[in-house]
Amino acid sequence: MTVSRTTLEKGTAFMSWDQEIDRTLSNSKRWQGRGDAIALTIGDSDFKLAQPIRRAILARLDEGVIGYDAVPTSLVELIVSRLHDRYGWVVDPDWLVFISGVVPGLNIAGRGLTGPEQVLVTEVPVYYPFLDVSENSNRRMIKLPAQAGSTRWEFDLDRLEAIAKTNNVGVLILCNPQNPL
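In this text, residue positions in the sequence shown follow the numbering used here: the first is 49, and each later residue adds one.
Now the structure itself:
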């Protein structure tokens, strides 16, 4: 599999944002048992898959075998190039670690970057799996309530400083973009 940059001509539709798909009857975890509540989860779209992605998946399925792929060199090169072009960063390809998703990454960070005596801090409200990291890593979690500013929700830096002065903080877990605020 080769990963490459894709250039779309002006006016070319990559995705259709106008056709909403009703997922309430499709066994979607996002919509099960929530009534009229709107679940603001990640990685679960209410829109059809973009055609280039759909074609790539169908091509793989047509091979008739599904398994675990090695990370393509072209993907690593693309990421390194993008980080350099966009941010001016010089990233050694060996620094890149690929994981299966956001939630496993959170749990790896919670356990791997802290010691048992350290605490985790996250702003609340937050995407709910952030709150499971403390239990999954056998660490204590301190919740930092978001503050309503005049035009937006804001990080309470004074409270964070107080937490840091009185606790052995190992990791501050941030959600960007902030979900659900």
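All residues carry an ideal CB built from backbone N, CA and C; glycine is no exception.
Counting other Cβ atoms within 10 Å of its Cβ, Arg187 reaches 16 or more and is therefore classed as buried. By the Cβ rule, the stretch 144-156 does not count as touching the stretch 188-206, because fewer than three pairs are nearer than 8 Å. Per DSSP, Gly218 is one residue of the beta strand (DSSP E) stretching across Val217 to Ile221. In the three-state reduction of the DSSP assignment, Phe178 falls in the helix class. In this structure, the alpha-carbon of Ala118 lies about 14 Å from that of Pro141. Contact annotation: Val124 and His132 have beta-carbon atoms that are not nearer than 8 Å. Within the DSSP bridge table, the entry for Val169 names Ile190 and Leu220 as partners.
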